[in-house]
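Okay, so the sequence shown: first residue is 15 according to this note's numbering, each after it adds one.
Quick reminder that beta carbons are idealized off the backbone N, C-alpha and C, glycines included.
Predicted model only: the values in this text are computed from it and were never measured.
Remarks on the structure that follows.
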Amino acid sequence: GRIDSPPTIHNGMAIFGSADGYVYCLRASDGALAWRFLAAPHDRRLMAWEQLESVWPVHGSVLIRDGVAYVVAGRSMFLDGGLTLYRLDPMTGEVISQVRMDNKDPNTGKDLHAHVKVVQDDLRMATMTGLSSLPVASADILSSEGNYIFMKSQLFDLEGKRLRISQPDLNSQRGEDVHLFVPNGFLDDQYWHRAFWVYGRSVVGGPGYSATGQATPCGKIMVLDRDNLYLFGRRQTYWRWTTATEYRLFSVSRSLPKPVEEPAQPKNRKKSRASKAQFETRWSVEMPVLVRAMVKAGDTIFAAGPKDIVDEESAFKAYNQPATREALRNQTELFAGKGGSVLWAVSADDGSKLQEIELDVLPVFDGMIAAGGALFMATTDGKVVCLASRR
């Protein structure tokens with residue numbers, strides 16, 4: 015079956031899930047099979063993207079926490095009986111516990127749709143049509159921080175029990191369960207304007223998506239260390255009531271300071287919802303790159319992606335002009351990998367540019383890591399590239 019994300023290395027073993035519904039454990043030394051576990055409730059197949067796979071696939075990357083492996087089988091709580099969360103012994107594949115999650119609230123027996131609510135937040139931004147807080151129902155790569163396991167914004171304890179069903183209020187973005195998550199999934203590599211990575215506890219959906227970006231740090235991609243977040247995301251003025259979506263590279267403290275109040279406006283001037291300042295940034299850098307891969311190594315942020323050659327604000331105003339159409343076609347080709355990419359190195363302390371390198375390849379989304387003093391980049395042409403300083 016298809017493997018959608020990197021394996022987890024644990025005690026000399028490579029452990030990963032597969033679209034065939036199994037979890038595999040291989041010896042890292044020679045690739046020999048140590049054990050295989052069927053996480054899908056049945057070995058039943060369907061066609062997906064011209065390939066057979068399980069009705070209940072498993073994401074490749076497996077979370078291992080305190081000697082326990084956590085995996086989820088299935089696509090959605092609303093499909094084919096739902097999702098199953100397993101806790102496994104990573105050395106043997108033995109089941110420690112399992113929890114089935116379907117479209118019913120386990121506490122009330124009511125449908126999950128009963129938790130949908132209209133959101134009106136303190137930023138005076140409503141979702142307009144009332145689309146918002148459906149509980150998390152689709153599978154994703156799991157993560158962990160503190161005493162919790164996370165699947166998107168869904169919170170579990172270390173025993174695999176869901177600790178809440180409803181999404182927290184949009185303005186309740188602080189607490190010990192604040193974490194990095196992606197509402198549309200860590201593996202979604204599209205630059206859809208309503209999709210972004212979030213550091214917080216909850217999101218607002220539907221046409222109120224922009225409220226999330228003004229309530230808590232969000233970006234197209236993000237890395238973090240013990241103290242700070244580093245994001246490639248929209249400039250603050252482009253979150254609401256705008257067709258253009260210009261981006262920046264910026265850093266925010268993980269302590270999530272309170273929103274910054276706007277300067278007083280003249281009484282005869284209408285207040286712009288799009289211009290409201292939010293969190294104080296440590297630094298912000300404009301860069302002519304649409305970042306698809308980013309990593310922090312030591313005191314340096316490495317960010318790579320295709321060149322950004324279009325000023326969207328100007329393009330929107332002159333959309334029908336031949337020069338604008340040509341520029342947009344060229345930008346589309348660059349985003350697809352025709353023309354390579356650019357790698358920037360910037361200081362994590364102040365965002366100052368340290369180096370720029372042009373590459374003839376394009377990284378896959380979130381496809382770059384740092385190890386042993388080198389950068390390793392998975393590229394869209396099916397290769398792995400290693401970049402290192404000359405010794």
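Alpha carbons only, please: which of the options is nearest the one belonging to residue i?
i	options	result
LYS166	ASP94, VAL130, SER90	SER90
VAL299	SER328, TYR261, ILE323	TYR261
PRO120	GLU108, GLY96, ASP18	GLY96
TRP255	LEU238, ARG240, TYR223	TYR223
PHE349	LEU376, GLU370, ALA388, GLY381	LEU376
VAL130	SER43, LEU245, GLY220	GLY220
SER111	LYS175, GLN65, GLN168	LYS175
GLN228	SER403, THR295, PHE164	THR295
LEU245	LEU304, GLN65, GLU190	LEU304
PHE379	PRO320, GLY35, LEU368, LYS352	PRO320
GLU252	ASP18, ARG339, GLU327	For the record, residue 252 in the displayed sequence is Tyr; it is not Glu. The shortest C-alpha separation from TYR252 is found at GLU327.
Identify the continuous alpha helix (DSSP H) that holds residue i and give its terminal residues.
i	result
TYR223	223–229
LEU342	336–349
SER158	Unbroken run through SER158 is the beta strand (DSSP E), 157–159; no alpha helix (DSSP H).
Which residue comes first and which comes last in the beta strand (DSSP E) that contains residue i?
i	result
PHE51	47–52
LYS331	Per DSSP, LYS331 belongs to no beta strand (DSSP E); it is in the alpha helix (DSSP H), 326–331.
TRP358	355–361
PHE390	388–393
GLY381	377–385
THR314	314–319
GLY247	242–248
GLU370	367–373
Identify whether residue i lies in helix, strand or coil by the three-state DSSP scheme.
i	result
ALA151	coil
GLY26	coil
THR98	strand
LEU60	strand
HIS193	strand
GLY233	strand
GLY35	coil
TYR84	strand
Does the beta-carbon distance from residue i to residue j come in below 8 Å?
i	j	result
LEU263	MET301	yes
ALA209	VAL218	no
LEU177	LEU238	no
VAL85	ALA53	yes
THR401	ALA388	In the sequence as presented, Thr is not what sits at residue 401; that position holds Leu. In contact: LEU401 and ALA388 (Cβ atoms closer than 8 Å).
ALA406	GLY354	Summary: the structure shown does not reach residue 406, with the chain confined to residues 15 through 405, and so no result is reported for it.
Inter-stretch contact (C-beta, 8 Å, three-pair minimum) for the region 54–62 and the region 73–85: Judged by Cβ distances under 8 Å, the region 54–62 makes no contact with the region 73–85, as fewer than three pairs qualify.
Touch check for the region 19–35 and the region 204–223: three-plus C-beta pairs under 8 Å? no
Quick check: the region 146–163 against the region 176–196, are at least 3 beta-carbon pairs closer than 8 Å? yes
Please determine if the region 331–341 and the region 310–318 are in contact, where contact requires at least 3 C-beta pairs separated by less than 8 Å. The region 331–341, when compared against the region 310–318, does not touch it at the 8 Å Cβ threshold.
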